[in-house]
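Peer 1:
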Amino acid sequence: MKVFVTGATGFIGRNLCLALKAKGYGVTAVGSKDADLTRSGTLDRFSTVKYDRIFHLASWTQAGDFCLYHPGEQWIINQQINTNVLSWWANQQPQAKMVSMGTSCTYEVGSNLKEEDYLAGTPIADLYVYAMTKRMLHIGQQALAKQFGLKYLTLVPSTVYGPNYSVGKKQMHFIFDLAYKILNHKHKGSEILLWGDGYQTRELVHIDDFIHIMFELDQKVENEVVNIGAGAEFSIRHFAETLAKGVGVDPAHIQYDTSRYVGAKSKCLNVEKLHRILPDLKLKSLEEGLSQTVQWLEKECFLTQA
Ligand SMILES: NC(=O)c1ccc[n+]([C@@H]2O[C@H](COP(=O)([O-])OP(=O)(O)OC[C@H]3O[C@@H](n4cnc5c(N)ncnc54)[C@H](OP(=O)(O)O)[C@@H]3O)[C@@H](O)[C@H]2O)c1
65 MKVFVTGATG
75 FIGRNLCLAL
85 KAKGYGVTAV
95 GSKDADLTRS
105 GTLDRFSTVK
115 YDRIFHLASW
125 TQAGDFCLYH
135 PGEQWIINQQ
145 INTNVLSWWA
155 NQQPQAKMVS
165 MGTSCTYEVG
175 SNLKEEDYLA
185 GTPIADLYVY
195 AMTKRMLHIG
205 QQALAKQFGL
215 KYLTLVPSTV
225 YGPNYSVGKK
235 QMHFIFDLAY
245 KILNHKHKGS
255 EILLWGDGYQ
265 TRELVHIDDF
275 IHIMFELDQK
285 VENEVVNIGA
295 GAEFSIRHFA
305 ETLAKGVGVD
315 PAHIQYDTSR
325 YVGAKSKCLN
335 VEKLHRILPD
345 LKLKSLEEGL
355 SQTVQWLEKE
365 CFLTQA
C-alpha cells in the first residue's frame, strides 16, 4: 500500500507514520518544510507515484485561545491548504481514498454531537472560523465524490493524547498543558495555575486507540463522517488531580484562574455510530493512558535536560 500523509510532522501525523511504517506500507510524509500546502502546485512533484491513500492531517491551528486572535489568517491559510490538497487529489490522485480530519468544534453547542449534524447549526463563536474551514473540507470531499466518484472518510476525534506530542512549539491541548504545569511544579516549584474553574468537562481518546480506529474505519467505511471518542467526559479537576497524584504532587497545590478562556463547558461526542461499525472496540483505560503520557512528558522535558 502506498500512502501519502500531510501534517506528518504534527502530533497525530508522527504517530500515524510510525504505525503505517510498522505495517510495511510505503509512506511519503510531508510537513510544511517539505511542501507548503498554501502554495498552489506544491504537491505536483509528488504526482509521479499513484497513492492508495491520502491521510490529510495538515491544518493551521493551535489549542487554547489561539483561534480567538487568528480568525482571518485561519480562514485564508486553511482554505488554501484544503483547496490545494483537494485539487491535487482530484486531478492527480483520483484513485486514492482520502482520510481527513474533522473537528468536534463544528457541532453546535447544546446539540447531541451526532454525525448527521456535522454540517448543521452554528459552531461555537470562538472557534467558528476554524470549524467552518473543517466543514468546507468535508463539503469539498462530498462534492468531489459526487462529481468524480472519489472516495473519502472524515474522522472527527475528541482531544487526542499520548506520547510524541509537539511540546513547546505551540499552545498545547489542555491535557498536555495540565501535565506540563504539574511536572513543572514537581521539578522547578512553579505554581500550577489552570484556566477556568476546573468544572468544564472534556473527553480524551488515546493516540494508539485513535490510530487503531482510523485503520479499522478506513477498511470498513467510505464517504461518511465518523466521530471517534471515549464516550465519557471528566472535569478538568479530575484530570488534574489524577495527573498530580500519578507523579506524586499534592493536588492541593493546583490553583484555578477563573478569568481565563475555557471554551465550551462540556464536549462529549456521540459515539453510537463508531460502536455500531466496530462493536468489539475496546479502549485503553484513562488511568493507563494518562500515566503513560505523563511519564513520556517527564522524560522528554524534565529528565533529559542537561
Ligand atoms: N490533536 C487533536 O486532539 C485533534 C483533535 C481534533 C482534530 N484534530 C485535527 O487533526 C489534524 C492533526 O492534528 P495534530 O494535533 O497532529 O496537529 P499539529 O500537531 O498542530 O500538526 C499540524 C500539521 O500541519 C502542518 N501544516 C501546518 N501548516 C502547513 C502548511 N502551510 N503546509 C503544510 N503543512 C502544514 C504542520 O507542519 P509543520 O510541522 O511543518 O508546521 C504539522 O505537520 C489536524 O487537522 C487537526 O485539526 C486534532
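Here the sequence shown is numbered in the numbering used here, starting from 65 and rising by one per residue.
Positions of the beta carbon are idealized from the N, C-alpha and C atoms, including for glycine.
Use the C-beta contact count for Glu179: other C-beta atoms within 10 angstroms, 16 or more gives buried, fewer gives exposed.
Peer 2: Taking the sequence shown and counting its residues from 1, one reaches residue 179 at position 115. With 16 or more Cβ atoms within 10 Å of its Cβ, Glu179 is classed as buried.
Peer 1: Considering only their Cβ atoms, is the gap separating Gly293 from Ser222 smaller than 8 angstroms?
Peer 2: As a working note, residue 222 is residue 158 in the sequence shown. As a working note, residue 293 is residue 229 in the sequence shown. Cβ distance < 8 angstroms, so Ser222 and Gly293 count as in contact.
Peer 1: Using a 10 Å radius around the Cβ and a threshold of 16 neighbouring Cβ atoms, would you call Glu137 buried or exposed?
Peer 2: Taking the sequence shown and counting its residues from 1, one reaches residue 137 at position 73. By the 10 Å Cβ count, Glu137 comes out exposed.
Peer 1: Relative to the C-alpha of Arg324, which residue among Leu338, Asn142 and Leu257 is closest?
Peer 2: The count along the sequence shown starts at 1 and reaches residue 324 at position 260. By alpha-carbon distance to Arg324, the top candidate from Leu338, Asn142 and Leu257 is Leu257.
Peer 1: Using DSSP with H/G/I as helix, E/B as strand and the rest coil, what is Pro135?
Peer 2: As a first step, residue 135 is located in the sequence shown; it is residue number 71 there, counting from the start. In the structure shown, the three-state DSSP call for Pro135 is helix.
Peer 1: Comparing C-alpha positions only, which one of Lys66, Gln283, Ser355 and Gly77 sits nearest to Gly88?
Peer 2: As a working note, residue 88 is residue 24 in the sequence shown. Residue nearest to Gly88 within the set Lys66, Gln283, Ser355 and Gly77 is Lys66 (criterion: CA-CA distance).
Peer 1: Does the distance between the C-beta of Met165 and the nearest non-hydrogen atom of ligand 1 fall short of 7 angstroms?
Peer 2: Taking the first residue of the sequence shown as position 1, residue 165 is located at position 101. Yes, ligand 1 has a heavy atom inside 7 angstroms of this Cβ.
Peer 1: Using the C-alpha atoms, what's the distance from Leu217 back to Asp282?
Peer 2: Here residue 282 corresponds to residue number 218 of the sequence shown, with the count starting at 1. Here residue 217 corresponds to residue number 153 of the sequence shown, with the count starting at 1. Going from the Cα of Asp282 to the Cα of Leu217 covers about 7 angstroms.
Peer 1: What does Leu217 pair with, by DSSP beta-bridge criteria?
Peer 2: The count along the sequence shown starts at 1 and reaches residue 217 at position 153. DSSP lists Val163 as partners of Leu217.
Peer 1: Go through the stretch 237 to 324 residue by residue and report every complete run of the beta strand (DSSP E) that reaches 3 residues or more, in order.
Peer 2: 256 to 259, 268 to 270, 289 to 292 and 318 to 321
Peer 1: Roughly how many whole angstroms lie between the Cα atoms of Pro315 and His302?
Peer 2: As a working note, residue 315 is residue 251 in the sequence shown. As a working note, residue 302 is residue 238 in the sequence shown. Cα-Cα distance, rounded: 10 angstroms.
Peer 1: Less than 8 angstroms between the CB atoms is what I'm expecting for Leu201 and Met278, so what's the real figure, rounded?
Peer 2: Position 137 of the sequence shown, counting from 1, holds the residue named residue 201. Position 214 of the sequence shown, counting from 1, holds the residue named residue 278. Actually they are not in contact, since the Cβ atoms of Leu201 and Met278 sit about 16 angstroms apart, beyond 8 angstroms.
Peer 1: Please say whether Gly260 and Ile300 have beta carbons closer to each other than 8 angstroms?
Peer 2: Working through the sequence shown from its first residue, we reach residue 300 at position 236. Working through the sequence shown from its first residue, we reach residue 260 at position 196. For Ile300 and Gly260, yes; Cβs fall inside 8 angstroms.
Peer 1: Taking DSSP as the reference, what is the three-state secondary structure of Ile118?
Peer 2: In the sequence shown, the residue the question calls residue 118 occupies position 54. Strand.
Peer 1: What residue range is occupied by the uninterrupted beta strand (DSSP E) comprising Thr70?
Peer 2: Mapped onto the sequence shown, residue 70 falls at position 6. Unbroken beta strand (DSSP E) run through Thr70: Lys66 to Thr70.
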